[in-house]
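J.:
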Amino acid sequence: MSHLSAEQRAIYDEQGYLVVRGFFEAHELEVWKRRLLDVLEERVPSPPSMLVMRDVMVAKGIVEAPSRVAATAKLQDFQEDPVLFEGYCKHPKLLDWVEGFVGPDVKSIHSMLINKPPGVDGRHPLHQDLLYFPFRPADDIVATWTALDACRRENGCLAVVPGSHRGGLRKHENPGWEHVNFLYVGAEGAGPETDRLHLEMQAGDVVFFHPLLLHGSGRNRSAGFRRAISCHYASSRCRYLEGGEPLPGGGRPYVLVRGREHEGCI
Ligand SMILES: O=C(O)CCC(=O)C(=O)O
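To convert, count from 1 in the sequence shown and add 1290; that's our numbering.
1) Report whether the distance from the Cβ of Leu1419 to the nearest heavy atom of ligand 1 is below 7 angstroms.
2) Express the C-alpha separation of Leu1294 and Pro1382 in angstroms, rounding to a whole number.
3) Applying the 10 Å Cβ sphere with the 16-neighbour rule, what's the burial state of Gln1369?
4) In this structure, does DSSP put Leu1385 in helix, strand or coil?
5) What I want to know is whether the C-beta of Lys1406 ends up closer than 7 angstroms to one or more non-hydrogen atoms of ligand 1.
6) I'd like to confirm the pairing. Which residues does DSSP put opposite Ile1431 in its beta bridges?
7) Just to check my reading of the structure: His1417 and Val1475 have Cβ atoms closer than 8 angstroms, yes? What is that Cβ distance to the nearest angstrom?
8) Mapping the DSSP letters down to three states, classify Tyr1422 as helix, strand or coil.
9) Could you tell me whether the Cβ atoms of Ala1316 and Arg1344 are closer together than 8 angstroms?
10) Out of Asp1495, Pro1335 and Pro1427, state which residue places its alpha-carbon closest to the alpha-carbon of Val1310.
11) Measure the Cβ-Cβ separation of Gly1390 and Arg1456 and say whether it is below 8 angstroms.
12) What do you reckon, are the CB atoms on Leu1489 and Leu1438 nearer than 8 angstroms?
13) What beta strand (DSSP E) runs, 3 residues minimum, are completely inside the segment 1292-1345?
14) Where does Val1475 sit, in a helix, a strand or coil, going by DSSP?
15) If I follow the unbroken alpha helix (DSSP H) through Ala1363, where does it start and stop?
16) For ligand 1, any of its heavy atoms closer than 7 angstroms to the Cβ of Met1340?
17) Excluding the 5 residues flanking His1552 on each side, which residues of the same chain have their C-beta closer than 6 angstroms to its C-beta?
18) Who pairs with Gly1534 in a beta bridge, going by DSSP?
19) With Asp1419 and Gly1393 assumed to form a contact (beta carbons below 8 angstroms), what rounded beta-carbon distance in angstroms separates them?
20) When you compare only the Cα positions, how much space is there between Pro1337 and Lys1364?
21) Is the closest heavy atom of ligand 1 to the C-beta of Ala1480 under 7 angstroms?
22) Rounded to a whole number of angstroms, what is the C-alpha to C-alpha distance between Val1450 and Leu1487?
23) For Pro1407, I'd like the list of residues in its chain whose CB is within less than 6 angstroms of its CB, leaving aside the five on either flank, ordered along the chain.
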């Protein structure tokens, strides 16, 4: 049963994103924030399939981080972490909403806890996530991005270009900045001159967005962390592009989280 109203769906179709305020409660966010610390401070084992990505300025020795958490840009692909995956990606209320975008058969296709520590550049250029997904249709893919802290311009909130999902997939390239995190590429023609909307969000707010929406985030100029947890979902009816199948043994694990599998699909 989807919770998405026809009016909300129309906003999403027009703008490429939909913000839902007060979606999660503070105690739910606490569990995910504590898990980040437990993983980074090695109180719990870190699944081998999960990438713990250091910020590039720390990795190159340009900035000395006071702790491992201050050195970490994100955790990625946490499908084997029971707390983050079961708790967030399989959250029943979140999946009820996701169904409203991709239908009843849902796969989780990518998960991240983005940390954005203070003291580093950490910007993410405007880009389109469809770049990372070798299957279609794009309209059957949706991202959820949940603020774990209050996200403001000062600490590098998400920025979006409303309506940009109605163009196609652009070429992407290194933005040419001095310090750019691993695989943070920007869409061609979407440089600093591009008008964007800064999505200021309270902790617990969620934004659902289309995989062609141009989005990115600024530098964290505050003294605290700007954390967010995010999962991408696709209909399990999506089909690989020709030549787009993951390499044997490689590629991302796509995990059925609701409904059923479909023959010949992702
Ligand atoms: O949370 C952010 O700063 C942006 C994350 C993002 O757009 C991404 O990792 O694709």
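Here a beta-carbon is modelled for each residue, glycine too, at the ideal position from N, C-alpha and C.
T.: Walking through what the data contain:
1) Here the question's residue 1419 lines up with position 129 in the sequence shown. Note that residue 1419 is Asp in the sequence shown here, rather than Leu. Asp1419: yes, Cβ under 7 angstroms from ligand 1.
2) For the purposes of this step, residue 1382 is taken as the residue at position 92 of the sequence shown. For the purposes of this step, residue 1294 is taken as the residue at position 4 of the sequence shown. Their Cα atoms are separated by approximately 14 angstroms.
3) The residue you call residue 1369 lines up with position 79 of the sequence shown. The residue is buried, with at least 16 neighbouring Cβ atoms inside 10 Å.
4) On the sequence shown, position 95 is the one that residue 1385 refers to. Leu1385: helix per DSSP, three-state reduction.
5) Along the sequence shown, read from residue 1 onward, the residue named residue 1406 stands at position 116. True, at least one ligand heavy atom lies under 7 angstroms from that Cβ.
6) Your numbering for residue 1431 matches position 141 in the sequence shown. Its beta-bridge partners are Ala1524.
7) Translated into positions along the sequence shown, residue 1417 becomes position 127. Translated into positions along the sequence shown, residue 1475 becomes position 185. His1417 to Val1475, Cβ: 6 angstroms. Contact.
8) In the sequence shown, residue 1422 corresponds to position 132, counting from 1. Helix at Tyr1422.
9) Counted from its first residue, the sequence shown places residue 1316 at position 26. Counted from its first residue, the sequence shown places residue 1344 at position 54. In this structure, Arg1344 does not lie closer than 8 angstroms to Ala1316 by Cβ.
10) Position 20 of the sequence shown holds residue 1310. That would be Asp1495, whose Cα lies nearest to the Cα of Val1310.
11) In the sequence shown, counting from the first residue as 1, residue 1390 sits at position 100. In the sequence shown, counting from the first residue as 1, residue 1456 sits at position 166. Their beta carbons are not under 8 angstroms apart, which means Gly1390 does not touch Arg1456 by this criterion.
12) As a position in the sequence shown, residue 1489 is number 199, starting the count at 1. As a position in the sequence shown, residue 1438 is number 148, starting the count at 1. For Leu1489 and Leu1438, no; Cβs fall outside 8 angstroms.
13) 1307-1310 and 1341-1344
14) Numbered from 1 along the sequence shown, position 185 holds the residue referred to as residue 1475. Coil, per DSSP.
15) Residue 1363 sits at position 73 when you count from the first residue of the sequence shown. First-last for Ala1363: Thr1362 to Gln1366, but that is the beta strand (DSSP E), not the alpha helix (DSSP H).
16) Your numbering for residue 1340 matches position 50 in the sequence shown. Not under cutoff, so the answer is no.
17) Walking along the sequence shown from the start, residue 1552 turns up at place 262. If we look at His1552 and ignore the five residues flanking it on each side, its Cβ neighbours are Ser1526 and Arg1527.
18) Counting from one through the sequence shown, the residue named residue 1534 turns up at place 244. Paired residue(s): none; Gly1534 is not in a bridge.
19) As a working note, residue 1419 is residue 129 in the sequence shown. As a working note, residue 1393 is residue 103 in the sequence shown. Not a contact, Cβ separation roughly 19 angstroms.
20) In the sequence shown, residue 1337 corresponds to position 47, counting from 1. In the sequence shown, residue 1364 corresponds to position 74, counting from 1. So the alpha carbons of these two residues sit roughly 14 angstroms apart.
21) On the sequence shown, residue 1480 is found 190 positions in, with the first residue counted as 1. No, ligand 1 has no heavy atom inside 7 angstroms of this Cβ.
22) Against the sequence shown, residue 1450 aligns to sequence position 160. Against the sequence shown, residue 1487 aligns to sequence position 197. When rounded, the distance between both Cα atoms is 5 angstroms.
23) Here residue 1407 is taken as the residue at index 117 of the sequence shown, counted from 1. Cβ within range, chain order: Ala1360 and Phe1515.
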